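Okay, structure first, notes after.
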Amino acid sequence: MNLKSTLIALGLLVSISSKAQDKTGFVYASMEASHARELKQAHPDQIDILLTNSNLSSVYIHPEVAHELHQKILSHGPGYLQHASLADANKLIQRAVVASRQVLDYTITEQEYVNQILNDVNENNIEEQILELENYGTRFHTRAEANVAAQDLKNRWEALIAQSGRQDDVSVRIVDHVNTPMKSVVLTINGNELASEYVIIGGHLDSTVSGSNKAVAPGADDNASGIATITEAARVLLNNNFKPKRTVEIMAYAAEEIGLVGSNEIATAYANEGKNVIGYVQFDMTAYKGSTEDVYLATDYFIDNTLNLFLIELMEEYNSTGNHQFTYGTTRCNYGCSDHYSWAMNSYPAAFPFEASFNESNYLIHTPNDTYTNLGETPSHSAKFTKLAIEFLVEAAKRTEILGTGNVNQEKTKFYVDQKSVGFEVPSNHTIKSATVINVAGQKVATKISLNNNDKINLNQLPIGAYILLLETTSGEKITHKFILK
């Protein structure tokens, strides 16, 4: 081979090598190791597995390849957490997930106030905002429409504050991010007594579709429905002069669809600042009723069992009968499926109530057909999640005003756990019809009827863990108590 031929051959090799090494658009991320291996096998040039620790891997990946997680591996969410650097990704996968907190200090005391304000939930407001967000056409995080939607949401929330006359103790701020040009929006209701303790709900404002054309990504269910859900919760609380003991925040995140960017940066900042978040609940897709039950609680390994039990307790208290009745079940959503994962990875208790069982959720998400029309044009399903959001915020943050005690005097009811049984003593002016034990998966695992006011349930057959004891009186009143079986 002459010199000219050699140089041409070398040039061709360099060109091929350069093309193979082109990593334009790649990001650092963390994901489940099994998912990383599947993507590597299918697209070897589009993902580099950098470090694996137990069941997690840090990767360098093109987001469009990661999008395949939606179709082949997961049914919801990005399935990965985007990081600013490899060091950040490796730090996360090498950090042990904090076990669910065994602090059963969530209580229900605000029945009179909650039952009153639940009547103020207006489905028309939810419908109107879903349509408004859909009408941007797209809210993909790099599109101009995304930040128009963020600014308009800020304006909407500020208008709610102005209408309530609460400018002194309620505010809205825009949050800038490192890994996306899109902004997040945060509404804060200052706590009056325990201001350093935070109770937070949120959902993502952005939308996406698969493929390179992001100009048509209406995202009505994913996640205009969640934003409409939490906005209506904010309106009801402000309209009813809710003044919490703890600080309440309602968050609309940027860039969830490309790796939980907005929530990850905010939750990490809160952790770095030492902020005490006592509970976070995510609202992502609330409008499509694809399953038998209404609300499905995620039960993945990073979900906080105590917080899940509290949500079950709230639904048993407020939504098992009457005008605000709905049902619940449980499901799983996998690694990084929505913004609650960002909070869980920063060691905060997090939960995720979802519109359906994940394998029966809205199959039109991440397509141009994720529209309000294809949701059946009814906001009634989302309204159930608004009610749960209100119940959680009021009961977790508590009001500054004198607390209620419910229909049954909870203070005079005593509970105890004696080895493998749970017992109770109820005032004699109430007759107990039934006692039910519920586990963290929402299953009723033990029931007893025809009880005395001083009685107990044998739980020899149950494993150790956290449970709820639900007592129902003959007059329909309920008493709940969380306990740990050791």
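Note that the sequence shown covers residues -20 to -1, 1 to 466 in mature numbering (1 follows the signal peptide of the UniProt record, and there is no 0).
C-beta atoms are modelled at their ideal positions from N, C-alpha and C, and glycine is treated no differently.
Treat the numbers as computed from the prediction; the structure is a model and nothing was measured.
**Asked** So what's residue 295 in DSSP terms, helix, strand or just coil?
**Response** As a first step, residue 295 must be located in the sequence shown, where it is residue number 315. DSSP places residue 295 within a helical segment (H, G or I) once states are collapsed to three.
**Message:** In the DSSP output, what is residue 396 paired with across the bridge?
**Reply:** Working through the sequence shown from its first residue, we reach residue 396 at position 416. Beta-bridge analysis with DSSP links residue 396 to 403.
**Prompt:** Beta carbon of residue 238, beta carbon of residue 62: below 8 Å?
**Reply:** By one-based count along the sequence shown, residue 238 stands at place 258. By one-based count along the sequence shown, residue 62 stands at place 82. Yes.
**Asked** Does the Cβ of residue 343 have 16 or more other Cβ atoms within 10 Å, making it buried, or fewer, making it exposed?
**Response** As a position in the sequence shown, residue 343 is number 363, starting the count at 1. Under this definition residue 343 is an exposed residue.
**Request:** For residue 281, count neighbouring C-beta atoms within 10 Å of its own C-beta (all shown protein chains included) and say buried if the count is 16 or more, exposed if not.
**Result:** Counting from 1 along the sequence shown, the entry for residue 281 is found at position 301. Flag for residue 281 reads exposed.
**Asked** What does a CB cutoff of less than 6 Å around residue 228 pick up in its chain, not counting 5 residues either side in sequence?
**Response** Your numbering for residue 228 matches position 248 in the sequence shown. A distance below 6 Å between beta-carbons, with the five flanking residues on each side excluded, links residue 228 to the following residues of its chain, in chain order: 169, 179, 373 and 377.
**Collapsed DSSP secondary structure at residue 158 in the structure displayed** = In the sequence shown, counting from the first residue as 1, residue 158 sits at position 178. Here residue 158 carries a coil assignment [DSSP, helix/strand/coil].
**Identity of the residue in 375, 402, 165 and 31 nearest residue 223 by Cα** = Counted from its first residue, the sequence shown places residue 223 at position 243. Proximity to residue 223 across 375, 402, 165 and 31 peaks at 375, based on C-alpha coordinates.
**Item:** Close beta carbons around residue 88, own chain, < 6 Å, minus the five adjacent residues each side
**Value:** In the sequence shown, counting from the first residue as 1, residue 88 sits at position 108. Within the same chain, Cβ atoms closer than 6 Å to the Cβ of residue 88 are found at 297 and 375, the five residues on either side in sequence being excluded.
**Asked** The beta strand (DSSP E) with residue 226 in it runs from where to where?
**Response** Position 246 of the sequence shown holds residue 226. Unbroken beta strand (DSSP E) run through residue 226: 226 to 233.
**Message:** Counting C-beta neighbours from all protein chains within 10 Å, is the total for residue 321 16 or more, i.e. buried, or is it exposed?
**Reply:** Locating residue 321 in the sequence shown gives position 341, counting from the first residue. The Cβ neighbour count for residue 321, taken over all protein chains shown within 10 Å, is at least 16; the residue is labelled buried.
**Asked** What first and last residue would you give for the beta strand (DSSP E) that runs through residue 338?
**Response** Locating residue 338 in the sequence shown gives position 358, where the first residue counts as 1. Taken as a continuous stretch (DSSP letters only), residue 338 belongs to no beta strand (DSSP E), as it is neither H nor E.
**Message:** Can you check which of these residues, 185, 29, 212 and 3, is closest to residue 370 by C-alpha distance?
**Reply:** Position 390 of the sequence shown holds residue 370. Closest option to residue 370, judged by alpha-carbon separation, among 185, 29, 212 and 3: 212.
**Asked** Under 8 Å, do residue 125 and residue 360 count as touching if we go by C-beta distance?
**Response** Indexing the sequence shown from 1 puts residue 125 at position 145. Indexing the sequence shown from 1 puts residue 360 at position 380. It is not a contact, given that the beta carbons lie outside the stated cut-off.
**Prompt:** Whole-angstrom Cβ separation of residue 203 and residue 265, contact assumed at under 8 Å?
**Reply:** Within the sequence shown, residue 203 is the residue found at index 223, counting from 1. Within the sequence shown, residue 265 is the residue found at index 285, counting from 1. The beta-carbon separation of residue 203 and residue 265, rounded to 6 Å, stays under the 8 Å limit for a contact.
**Prompt:** Hey, residue 331 and residue 368: beta-carbon distance below 8 Å or not?
**Reply:** Counted from its first residue, the sequence shown places residue 331 at position 351. Counted from its first residue, the sequence shown places residue 368 at position 388. 8 Å or more divides the Cβ of residue 331 from the Cβ of residue 368.
**Request:** For residue 69, collect the residues of the same chain with a Cβ closer than 6 Å to its Cβ; drop the 5 residues on either side in sequence, then sort them by chain order.
**Result:** Counting from 1 along the sequence shown, the entry for residue 69 is found at position 89. Annotation for residue 69: 8, 10, 38 and 63 place their beta carbon closer than 6 Å to its own, counting only its chain and skipping 5 residues before and after.
**Item:** Buried versus exposed call for residue 444 [16 or more other C-beta atoms within 10 Å across all chains shown]
**Value:** Along the sequence shown, read from residue 1 onward, the residue named residue 444 stands at position 464. Taking a 10 Å sphere around the C-beta of residue 444, we find fewer than 16 other C-beta atoms and assign the residue as exposed.
**Prompt:** Straight-line CA distance for residue 275 to residue 194?
**Reply:** Within the sequence shown, numbered from 1, the residue matching residue 275 stands at position 295. Within the sequence shown, numbered from 1, the residue matching residue 194 stands at position 214. Those two C-alpha atoms are separated by around 30 Å.
**Message:** Looking only at its chain, what residues have a beta carbon closer than 8 Å to the beta carbon of residue 127, apart from the 5 residues adjacent to it on each side?
**Reply:** Within the sequence shown, residue 127 is the residue found at index 147, counting from 1. Once the five neighbours on either side are set aside, the close Cβ partners of residue 127 are 161, 162 and 163.
**Request:** Measure the C-alpha to C-alpha separation of residue 254 and residue 176 and round it to an integer number of angstroms.
**Result:** Within the sequence shown, the letter at position 274 stands for residue 254. Within the sequence shown, the letter at position 196 stands for residue 176. Spanning the two alpha carbons is a distance of roughly 10 Å.
**Message:** Could you tell me the alpha carbon to alpha carbon distance between residue 91 and residue 97, rounded to whole angstroms?
**Reply:** Counted from its first residue, the sequence shown places residue 91 at position 111. Counted from its first residue, the sequence shown places residue 97 at position 117. Answer to the nearest angstrom: the Cα atoms are 10 Å apart.
**Of the listed residues 366, 416 and 155, nearest to residue 249 (C-alpha basis)** = Position 269 of the sequence shown, counted from the start, is the residue given in the question as residue 249. Out of 366, 416 and 155, 155 has the C-alpha closest to the C-alpha of residue 249.
**Item:** N-terminal and C-terminal residue of the alpha helix (DSSP H) that residue 211 is part of
**Value:** If you number the sequence shown from 1, residue 211 lands on position 231. Per DSSP, the continuous alpha helix (DSSP H) segment holding residue 211 begins and ends at 205 to 219.
**Terminal residues of the beta strand (DSSP E) in which residue 474 lies** = The requested residue 474 is not part of the displayed model; the chain covers only -20 to 466.
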